[in-house]
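Peer 1:
2 protein chains.
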Amino acid sequence: MKEAPSSTLSTEERIREAARRVFLEKGYDGTTSRDLAEASGLNVAMTNYYFRSKEKLFQLTFQDLHRLQFAKLNSLIHLDIPLREKILRLIEAEHELVVENPDLPLFIMHEMRRHPDLFTETPTASSPYPALPDSLFARQVKEAVDSGQIKPIQPLQIIMVIVSNVHYPFVGRASITHSLRMTNEELMEVINQHQQVIKDMILGYLFGPEVQT
Amino acid sequence: MKEAPSSTLSTEERIREAARRVFLEKGYDGTTSRDLAEASGLNVAMTNYYFRSKEKLFQLTFQDLHRLQFAKLNSLIHLDIPLREKILRLIEAEHELVVENPDLPLFIMHEMRRHPDLFTETPTASSPYPALPDSLFARQVKEAVDSGQIKPIQPLQIIMVIVSNVHYPFVGRASITHSLRMTNEELMEVINQHQQVIKDMILGYLFGPEVQT
DNA sequence: CAAACTTTTAAACGTTTGTTTAAATCACCC
DNA sequence: GGGTGATTTAAACAAACGTTTAAAAGTTTG
Numbered sequence: 001m002k003e004a005p006s007s008t009l010s011t012e013e014r015i016r017e018a019a020r021r022v023f024l025e026k027g028y029d030g031t032t033s034r035d036l037a038e039a040s041g042l043n044v045a046m047t048n049y050y051f052r053s054k055e056k057l058f059q060l061t062f063q064d065l066h067r068l069q070f071a072k073l074n075s076l077i078h079l080d081i082p083l084r085e086k087i088l089r090l091i092e093a094e095h096e097l098v099v100e101n102p103d104l105p106l107f108i109m110h111e112m113r114r115h116p117d118l119f120t121e122t123p124t125a126s127s128p129y130p131a132l133p134d135s136l137f138a139r140q141v142k143e144a145v146d147s148g149q150i151k152p153i154q155p156l157q158i159i160m161v162i163v164s165n166v167h168y169p170f171v172g173r174a175s176i177t178h179s180l181r182m183t184n185e186e187l188m189e190v191i192n193q194h195q196q197v198i199k200d201m202i203l204g205y206l207f208g209p210e211v212q213t
Numbered sequence: 001m002k003e004a005p006s007s008t009l010s011t012e013e014r015i016r017e018a019a020r021r022v023f024l025e026k027g028y029d030g031t032t033s034r035d036l037a038e039a040s041g042l043n044v045a046m047t048n049y050y051f052r053s054k055e056k057l058f059q060l061t062f063q064d065l066h067r068l069q070f071a072k073l074n075s076l077i078h079l080d081i082p083l084r085e086k087i088l089r090l091i092e093a094e095h096e097l098v099v100e101n102p103d104l105p106l107f108i109m110h111e112m113r114r115h116p117d118l119f120t121e122t123p124t125a126s127s128p129y130p131a132l133p134d135s136l137f138a139r140q141v142k143e144a145v146d147s148g149q150i151k152p153i154q155p156l157q158i159i160m161v162i163v164s165n166v167h168y169p170f171v172g173r174a175s176i177t178h179s180l181r182m183t184n185e186e187l188m189e190v191i192n193q194h195q196q197v198i199k200d201m202i203l204g205y206l207f208g209p210e211v212q213t
């Protein structure tokens, strides 16, 4: 066994880190084993020495990224805070996520549609979404609906509305900037403005038109 | 020159139609020339006889699909109808589009991010989005904002809200159904319910909480 | 019907693909 | 300090890739 110095990365970590970057950029189909080798600064044999194949390396990489995508959401829905505040924090958490990982949602959605077979969920691993139906969030929504505090709506629908509005400008950003001939900076400005609209719209719809945020 | 019988398709059309199906399903990177040949029932030489390369065939296919994606939106924004009705019809048009072409938005967004170089917009062709800034829709929004009829918002933001909410459940449907262990039918039921939420939420936000639709 | 042209085919081209090999280099232990 | 196992390398493998070839089959036109 061999340990890497603390400041630099072990070979295995270098490969995983490179795989993350390359797969995120080019997708599974668009990535070659030589792409991975070049990105890690090693040669093609190393990838197969540490991970048995391109496919296996991709599965690990995807699992990491899939967890990253749902980690915040998955912990927030169980938090013991008022529903209204929880929704606000969900919006902010998802915004933060896509600002830090702008390519993540498109990657996840593309790969899950294209290679659904590659994702054999590890049974023990915390599967992200399935937690929703029996989360505190779900119970809070049902109670709020029953007591007439918010409009009739399912928990999943609220999540969909949040994720849709927050993620979409990033998911479609190549399409938007190209078509409208905007720069990335111009789009980012629109997106920042848009954040407030999303918050007001969602909270306003659910709780009625009070003073927001 | 040769004309195809009306009931059946010409070879060129067969190839284009097959290319549409295959590229939509597998993407550019995931499609091989032999996939295309098999899907059209011909052999690999035919694709290069009628179109000069896989790349050229993809460019044509993508152009078609890109137009399809924005055709309805692009004609609706110029229609001379009241703003409120226009927004409602935009929501319904986008919903119809994704119900009929559930894979289209994800395909467009993935390919535009992955191969932005492949899309050299034909100068004369009706480019879809750029029409927005000087559309009747944009003027209607600005007037409605100035007159205090709706909340301050940019035309692009309204489009983003509509498209986000309507498209996202389809774009992420592999991810949603897989993670929540739903069937496609169950998701479709949620999506249908969701339509009304989207309408109420958007119109309610912009115009205030009157009686809807 | 025969020449001229278009369409279709099967086979092959050179390259790139994912993966493996076998030898070289490294790190560690008695 | 030499032997042992882990790591790294360059080279090679067969298969699949996008594309092209050259000849066969079909169509058109005089």
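Chains as they are written, first to last, in UniProt numbering: chain A, 1 to 213; chain B, 1 to 213.
Beta carbons: idealized from backbone N, C-alpha and C, even for Gly.
(1) Could you tell me the distance, in whole angstroms, from the CA atom of Leu203/B to the CA atom of Ala18/A?
(2) Taking C-beta pairs closer than 8 Å, name the residues in chain B that Met109/A reaches, listed in chain order.
(3) Residues of chain A with CB under 8 Å from Asp200/B, in chain order?
(4) If we ignore side chains and look at the alpha-carbon of each, how far apart do Pro116/A and His110/A end up?
(5) So is Arg113/B in contact with chain A if we call contact Cβ pairs under 8 Å?
(6) When you compare only the Cα positions, how much space is there between Ile159/A and Arg52/B?
(7) Residues of chain B with a CB under 9 Å from the CB of Asp29/A: which are they?
(8) Cutting at 6 Å between CB atoms, please list the residues of its own chain near Glu12/B, excluding the five before and the five after it.
(9) Between Pro116/A and chain B, is any beta-carbon pair separated by less than 8 Å?
(10) Starting from the beta carbon of Gly208/A, find every residue of chain B whose beta carbon is closer than 9 Å, and list them in chain order.
(11) Would Asp80/A be called buried (16 or more neighbouring beta carbons within 10 Å of its own) or exposed?
(12) Is it true that the region 99-114 of chain B meets the region 98-114 of chain A, where meeting means three or more beta-carbon pairs spaced less than 8 Å apart?
(13) Does any residue of chain B bring its CB to less than 8 Å from the CB of Tyr168/A?
(14) Taking 7 Å as the limit between beta carbons, can you name the residues of its chain near Arg89/B, skipping five residues before and five after?
(15) Near Arg14/A, what residues of its chain come up, given a Cβ to Cβ distance below 6 Å and the 5 sequence neighbours on each side ignored?
(16) Would you mind telling me which residues of chain B sit closer than 7 Å to Asn165/A, beta carbon to beta carbon, in chain order?
(17) Span of the alpha helix (DSSP H) holding residue 214/A?
(18) Give every residue of the same chain whose Cβ lies closer than 6 Å to the Cβ of Thr61/A, excluding the five residues on either side of it in the sequence, and list them in chain order.
(19) Which of the three DSSP states is assigned to Ser33/B in this structure?
(20) To the nearest angstrom, how far is the alpha carbon of Gln212/A from that of Pro155/B?
(21) Compute the beta-carbon to beta-carbon distance between Tyr168/B and Ser164/A, rounded to the nearest angstrom, for a pair I have assumed lies under 8 Å.
(22) Am I right that Val145/A and Glu94/A are in contact with their C-beta atoms under 8 Å? What's the rounded C-beta distance?
(23) Taking DSSP as the reference, what is the three-state secondary structure of Met109/B?
Peer 2: Checking against the coordinates, here is how it stands:
(1) Distance between Leu203/B and Ala18/A, taken at the CA atoms: about 46 Å.
(2) Leu106, Val171, Gly172, Ala174 and Ser175
(3) Lys151 and Tyr205
(4) 10 Å
(5) With respect to chain A, the C-beta atom of Arg113/B has a partner C-beta closer than 8 Å.
(6) 46 Å
(7) Lys26, Gly27, Tyr28, Asp29, Gly30 and Thr31
(8) Tyr50
(9) yes
(10) Proximity of chain B to Gly208/A at the Cβ level (cut-off 9 Å) is accounted for by Pro209, in chain order.
(11) exposed
(12) yes
(13) yes
(14) Leu76
(15) Ser40
(16) Val161, Ser164 and Asn165
(17) With chain A covering 1 to 213 only, the question about residue 214/A has no answer from this structure.
(18) Hits under 6 Å: Ala19, Arg20 and Phe23.
(19) DSSP places Ser33/B in helix when its eight states are reduced to three.
(20) Confidence at Gln212/A is low in this model, with a pLDDT of 48, below 50, so its placement is unreliable and the value that follows should be read with caution. Distance between the alpha carbons of Gln212/A and Pro155/B: 22 Å.
(21) 4 Å
(22) Contact doesn't hold; Cβ gap of about 22 Å is too wide.
(23) Here Met109/B sits in helix by DSSP.
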